[in-house]
Amino acid sequence: MNKQRIGLLFFTIIFIHLSVFKSLAYQQIPTDETRPKIGLVLSGGGAKGMAHVGVIRYLEKAGIRPDYVVGTSMGSVIGGLYALGYSADELEKIILSIDWDLLISNRVEFNSISFEEKEYYNRYLLELPLKEGKISIPSGLIEGQKLSEVLHYYTWPANEYKSFDEFPIPFRCIATDISTGEPIIFDKGYLHDALRSSIAIPTAFTSFSLDSTQVVDGGVVNNFPVDIAQDMGADIIIGVNVSDEDFSKADDLGGFGGILMQVAMARSLAKTKGAIEECDIYIKPDLGEYSTGSFGNYKEILELGDQAGQLYFDDFKQLADSLGRKDEISSLGFEPAPILVNDIEFVGNKLFSDNLLQLKLNIREGSKVNRDELEDAIERVYGINGFYKVDYTLIPVSENSYNLKIRLKEKPSSLISTAVHYDNQFSAGILFNFTTRDLVGRNNRTVFLLDVSENPKARIDYYKYFSRENNLAFNVRLNLLRQQLPDYEEGNELDVVIARNNKLVAQVMTTGSLKQSFAIGGMYEETKSRFRFNVGVSDGLKNAKQSSLAIRFRYFRNSQDNRNYPTRGAESIVESKFHFNNRLSFNLRSGVDTLYIDSGNGQIPISKDQLDLLTDIFNPDPYLSLFFKYSKFLPVGPKFQFRPEIASGVVLTSSSGKVHQDFFVGGYQTIRFNDIKFWGLNYAEVQSPNFLKAGLDFQIVPFKKIYLRTGLNLLGFSSSYSFKEKEYLNNIFNDDRYVGYGIDLTYQSFIGPITVGLSSNAQDKQLRSYISLGYSFNYSDR
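This note's numbering puts the sequence shown at residues 273 to 1054.
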């Protein structure tokens, strides 16, 4: 019995000791309620702010997830997405997926532009707005259309939260009120607006309109907002600063832009030193020579951020161990749910009606949309090309139901644009474009285009949206071209035709797509040609004139990612024209009644009456012409693409030997929609009513903005034949053939494409060179 009591007493003592030890142990490891709170502060710094991701990665590896996140400018973007639930790996994937050149420009992808606007988009060196009849100078600042699209897309999960305190990690960011110079601290509202306000970097981006308040980058007043984290309740501050710690010396500012930036940031810089002293762990990544604008060096900056995080990993681990925490780091890992659109409102549109914008948006009230669908809808509206900026805000109505407010910043109603160009085919020129969108009411656009050169060209292009749904447009276009077109023999120039081609088209076209359009209408075309003969014909011939009326149907589709430097997408054209009222005439010079033609055995005289008779013989009856072209870029890796192409044009006529419309084959340029490029021939070296072309190009992009291309193509062509002839199908492509090949190199410069090329063909083996630079009147400059 005594032994049992002693054993029981011993067990009781051990149990009490263990209980006390366990109690003491719990007192030494703080609970979530009692342990110190960690605040992560991320400074602004433009492109350098991408280094924040590496530090976050090593915080995650150490098992630390902060209790609060505060950021300014780029630090607000990284911090806001991190607080929303994106992991460091996900943040890095986002950064790697962004086209930073596009993001920090006033451009969007070519395939985001409405089809009816593609022809004129991003083809000018300078665009000057006209206000009250006077040319105004643009600010040169970035509106940030693409930046807003990216922020909208990745902040979509924030829609379900009423306050930033409800995020997985409570979050704050800072902007600056322009009118008062005071900070604005965002703790609720629409996350996109908060981040876009905070990153409105002075001298780079335009200010952001927040209701009636204009705001800029929060770094102007507080670039390293340690005090905000402390106000939230942070006991321990981990601060990451990728900007200056103090004022720079005048000699180190690097010019006027640096001086302006330091003046703008003076108030913030005065606070930075004190903020650094408040940090328990202060991290200053060594970013070397990289600056706020080094967005193109995102891979290198991410790597330097990783190095900084790794350098402080032991400090992070020690902090985690001292607090007894090993936080579970989970990524966002879900597909944001669609939302219900309760109401749609357009704000800021004067030149464009709500009906037209609704057509482009193509979202109905009461429908559900996901973030991809809404992003595509915004691109369709922006694609009208009449806006500096199109974005939106979602206003909560009830659970998962929102009012959609589309915010528009229209371009002025009239713009003047200009560009310069040169090529060794048509010489140099200056291009002027005057575009106005209020010539006759709303929902219209008129372009006046002039190319001042040795081969001048002009165009008037008017279209007006109409129909109940505004998905059709009435289009009138007048093209005036003057071209010197040599006649070639084995690549050598013989005679020269100086042609004036005038074409008037009136048509109805579809406008509901970014990629394609159908058009049907009538056209009148007239070509008046003068001749400069080197051999064969006396100079008594003044000119020839050919004219016709036609009814035309055209389908045109373009899904390429870039007009002059495509690496993805396809292009296809199908066109049919019924030509009638065809007229052909030859005019002799004053006082000349006989034309002499060298036959090789002497000169043959042709009187004016005989010439008129020949004109009647060659004048065609009504006929049908068909044209088809298709090409597609097929990527085989990030830098390589194949591009197969097939094209054909035929004339369907009941009589042979007549003078019909010719297709122009050869060269590098596409002056008209149905011009056919061809390795191994000069521009329009082959002019034929029937042709068939097949080709294969190989393109490599070895370095940024450098495009090297080589290719091989085949051509068969013939004069006009009657489809009634038995051998029609055998004849129309078999009069002659070419096998061409070539290579060219293009550099994407600020003035436009700079291209040098060499080509030849297996028949005459003559080398043909091509040099061009800049944007021209052509539909395509490469």
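We put the CB at the ideal spot given by N, CA and C, even for glycine. Being a predicted model, the structure only gives us computed values, none of them experimental.
The way I'd put it, the segment 788-800 does touch the segment 816-829; three or more beta-carbon pairs between them come closer than 8 Å. If you draw a straight line from the Cα of Phe698 to the Cα of Ser1041, it is about 13 Å long. For Thr982, the enclosing beta strand (DSSP E) begins and ends at Ile978 to Ser990. With fewer than 16 other beta carbons inside 10 angstroms of its own, Glu761 counts as exposed. DSSP, read as helix, strand or coil, puts Tyr1047 in coil. For Ser1041, the pairing in a beta bridge is given by DSSP as Leu1030. Along the segment 709-750, the beta strand (DSSP E) occurs as fully enclosed runs of 3 or more residues at 716-725 and 729-738, listed in sequence order. DSSP places Leu628 in the helix class (H, G or I) of the three-state scheme. Following the DSSP letters along the chain, one finds Thr344 inside the beta strand (DSSP E) bounded by residues Tyr340 to Thr344. Between the segment 456-470 and the segment 658-666 there are three or more inter-stretch CB-CB distances shorter than 8 Å, so the stretches are counted as touching.
Taken in chain order, the whole alpha helix (DSSP H) runs of length 4 or more contained in the segment 567-598 are 570-583 and 585-594. Its chain contains Leu860, Arg861, Val864, Thr866, Leu867 and Tyr868 as the residues whose beta carbon lies nearer than 8 Å to that of Gly812, once the 5 sequence neighbours on both sides are disregarded; these appear in chain order.
In the assembly as shown, Gln971 is a buried residue. Its beta-carbon has 16 or more other beta-carbons within 10 Å. Under a 10 Å Cβ-count criterion, Arg709 is classified as buried, with 16 or more other Cβ atoms of the shown protein chains found around its own Cβ.
Rounded to the nearest whole angstrom, the C-alpha separation of Gln875 and Ser1032 is 35 Å. For Phe496, the three-state secondary structure derived from DSSP is coil. Secondary structure at His932: coil, using DSSP grouped into helix, strand and coil. A residue is called buried once 16 or more other Cβ atoms fall within 10 Å of its Cβ, and Ser451, having fewer, is exposed. DSSP, read as helix, strand or coil, puts Ala547 in helix. Just measuring C-alpha positions, the residue of Val777, Gln630, Asp648 and Arg824 sitting nearest Glu741 is Gln630.
Taken in chain order, the unbroken stretches of beta strand (DSSP E) that lie wholly in the segment 838-913 and span 3 residues or more are 841-860, 866-870, 875-879 and 895-907.
One alpha carbon belongs to Phe850, the other to Gly620, and they sit about 45 Å apart.
Ranked by Cα distance from Gly596, the first of Asp1007, Arg337, Asn431 and Ile943 is Arg337. In terms of Cβ geometry, Ala360 and Ile328 form a close pair [threshold 8 Å]. Of all C-beta pairs linking the segment 742-760 to the segment 938-956, three or more are shorter than 8 Å, placing the two stretches in contact. For the pair Asn394 and Glu381, the Cα-to-Cα distance works out to about 10 Å. In terms of Cβ geometry, Gln779 and Phe828 do not form a close pair [threshold 8 Å]. With the rule of 3 Cβ pairs closer than 8 Å, the segment 305-320 counts as touching the segment 490-505. Rounded to the nearest whole angstrom, the CA to CA distance from Asn773 to Pro1025 is 27 Å.
Runs of the beta strand (DSSP E) spanning 3 or more residues and lying entirely within the segment 338-410 occur at 340-344 and 398-403, in chain order.
DSSP places Leu559 outside any alpha helix (DSSP H), giving it a letter other than H or E.
Of all C-beta pairs linking the segment 369-386 to the segment 828-837, three or more are shorter than 8 Å, placing the two stretches in contact.
Between Asn705 and Leu721, the C-beta spacing is below 8 Å. Secondary structure note for Lys681: its beta strand (DSSP E) is the uninterrupted segment Ser673 to Glu682.
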